[in-house]
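Participant: Read left to right, the sequence shown gives residues 7 to 415 (this note's numbering).
All residues carry an ideal CB built from backbone N, CA and C; glycine is no exception.
Got a structure for you, written out below as structure tokens; questions coming shortly.
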Amino acid sequence: MIPSWNRFPGRSVLLFTLVAILLFVIEHINGRFWLNDFRVYYGAANALLNGEPLYGVAHGLDSGVFKYTPVMALLFVPLALLPYSVAASIHYFLIVAAFIGALHLADRMVREHLLGGKPAGYAAVFLVGLVVIVHLHRELHLGNINVILLFVLLLALDRLVRGRDVAAGILLGAAIVAKPHFLVLLPLLVLHRHWRSLASAVVLILFGIMAPALIMGFTANAELLTAWIAQVAAHNASLIYTGGTGYEAVNTVYSFLHRAVLGPFLGAPTSWEVPVILSILALAMGALVWWNYRQAVPSTKAITFEYFVLLALVPCITLTDTEHFMLVLPLIAFATHQLVPRPDPRWALVVVTPILLAIGGNWEDALGVWSDTLVHYGVLGSGTLALIVISVVLFLRRTRSNPAEHGTS
């Protein structure tokens with residue numbers, strides 16, 4: 007169905023589509039339609055087709071090492087059968103469609119489940135789009151799959167709160183097969199007793215791990231899985247930024263806490279910092295779930311917010327690039343709705359605005375050398391942590407002061 011200009015969310019769908027098409031044309035004119043991350047997936051799929059090594063070699067750029075499960079390379083085989091320019095163009099517009107879907111799905115879920123049925127409006131949608139546009143541009147330029155996975159994860163949550171547990175588990179399991187980082191979401195299914203979702207997710211994960219064996223044989227699949235685990239382990243060997251020009255770990259919560267608190271006392275990073283910090287985060291998350299349970303917050307409202315928080319934490323607790331912070335979009339939508347059509351509470355404008363600028367305000371062309379400074383100090387990661395904290399404060403405040411928003415469970 008073609009979006010209607012006069013019916014929400016038609017205007018935002020059409021506007022974002024036109025912007026994406028314009029960027030697509032400009033990238034071609036400037037000779038910058040590279041999609042180097044997609045080139046890795048494309049090269050990995052060709053490696054499978056040609057019987058070449060999948061892991062430990064560069065597909066495209068020197069840094070283009072494939073870090074996903076073997077089944078992900080299989081999924082890109084259909085595109086690998088096409089000329090690269092055609093395959094890259096298809097992938098580009100899949101990202102665009104996923105972004106538009108994720109943006110509006112997050113907006114609807116915030117309004118329906120967290121804000122007691124707040125009426126739809128364009129102000130929040132466009133403001134969220136403005137905050138994440140820098141990361142979306144990078145995602146489109148690189149051709150990564152973060153936005154596509156975000157859409158899948160939000161679809162999983164939407165099915166979960168609508169009682170379609172099996173479909174939710176299948177979608178969540180598919181996202182975990184693509185990126186094991188999302189295993190952090192499985193405890194929510196246990197804590198909220200969504201056993202069918204948990205079972206279907208586990209079945210899908212096992213199927214995703216074993217599916218290549220049906221084509222290549224169990225021995226070949228086992229060798230690929232071993233190589234994949236080694237690749238992932240090597241990639242995440244250092245999660246704390248210690249200086250230099252490489253900023254791979256600069257935005258992790260471990261790096262922020264080490265440089266801001268622990269470093270002056272401990273000096274170099276220690277082996278126990280990451281597991282201890284991760285354990286504290288897990289306890290804090292458990293405390294939030296327990297508080298929602300004790301306050302009798304409806305399960306749909308509780309699990310929606312908890313899910314958003316965990317999504318926002320993923321790029322802070324794993325080694326990621328800046329475009330992975332697109333996963334923070336749902337929590338940005340929640341915070342943004344506290345600002346429009348008017349700030350509620352009043353102090354939200356003063357507190358939330360600089361946080362949103364920290365997450366989406368690093369416009370390199372506008373900031374020049376200041377952009378490097380923001381990157382060096384991990385402002386994106388620390389801004390995301392600040393957003394998580396303030397969002398929890400706002401959520402608890404609304405839950406206690408607006409019992410009418412509880413709705414039904």
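What residues are listed by DSSP as bridge partners for V71?
Facilitator: Answer is A64.
Participant: Got a sec? Which residues, its chain only, sit under 6 Å from V116 by beta carbon, not counting five neighbours each side?
Facilitator: So the qualifying residues of the chain are A339, F340 and H343.
Participant: Where L337 and F30 are concerned, what is the direct C-alpha to C-alpha distance, given to the nearest angstrom?
Facilitator: For L337 and F30, the distance between alpha carbons rounds to 28 Å.
Participant: Return the residue from the list L41, I176 and L160 that minimises the CA-CA distance to F213.
Facilitator: Among L41, I176 and L160, the Cα nearest to that of F213 belongs to I176.
Participant: Quick one, are the C-beta atoms of A173 and L155 less than 8 Å apart?
Facilitator: It is not a contact, given that the beta carbons lie outside the stated cut-off.
Participant: According to the neighbour-count rule (16 or more other Cβ atoms, all chains shown, within 10 Å of its Cβ), is T232 buried or exposed?
Facilitator: When all chains shown are included, T232 counts as exposed.
Participant: Could you check whether the Cβ of L333 sits closer than 7 Å to any heavy atom belonging to the ligand GTP?
Facilitator: For the ligand GTP, the structure offers nothing, since it holds no ligand at all.
Participant: State the DSSP-derived secondary structure class of R13, mapped to helix, strand or coil.
Facilitator: Reduced to three states, the DSSP call for R13 is coil.
Participant: I need the straight-line Cα distance from P84 to L148, nearest angstrom please.
Facilitator: Distance between the alpha carbons of P84 and L148 is about 20 Å.
Participant: P186 CB to nearest chain D CB: under 8 Å?
Facilitator: Here there is only one protein chain, and chain D is not present.
Participant: Just to confirm before moving on: does the CB-CB distance between T405 and V303 stay below 8 Å?
Facilitator: The answer is yes: Cβ separation under 8 Å.
Participant: Grouping DSSP H, G and I as helix and E and B as strand, with all else coil, what is G374?
Facilitator: It is coil, neither helix nor strand.
Participant: Find out if the Cβ-Cβ distance for the pair Y61, F44 is shorter than 8 Å.
Facilitator: No, the Cβ-Cβ distance between Y61 and F44 is not below 8 Å.
Participant: I'd like the span of the alpha helix (DSSP H) that includes E279, first residue to last.
Facilitator: Taken as a continuous stretch (DSSP letters only), the alpha helix (DSSP H) holding E279 covers E279 to R300.
Participant: So, at 6 Å on beta carbons, what are the nonlocal neighbours of E118 in its own chain, with the 5 sequence-adjacent residues on each side left out?
Facilitator: No residues qualify anywhere along the chain.
Participant: Using CA coordinates, which residue listed in R144, G123 and E33 is at the minimum distance from G366?
Facilitator: That would be R144, whose Cα lies nearest to the Cα of G366.
Participant: Could you check whether the stretch 23 to 38 touches the stretch 87 to 106, counting it as contact only if at least three pairs of C-beta atoms, one from each stretch, sit closer than 8 Å?
Facilitator: Segments in contact, yes.
Participant: Mind checking which residues open and close the alpha helix (DSSP H) that includes N52?
Facilitator: N42 to N56 is the extent of the alpha helix (DSSP H) around N52.
Participant: What number of angstroms, rounded off, separates the C-alpha of P470 from the C-alpha of N152?
Facilitator: Because residue 470 is not part of the residues shown, which for the chain are 7 to 415, the question remains open.
Participant: Tell me which residues share the same chain as A64 and place their Cβ nearer than 7 Å to its Cβ, disregarding the 5 neighbours each side in the sequence.
Facilitator: Within the same chain, A64 has close Cβ partners G70 and V71.
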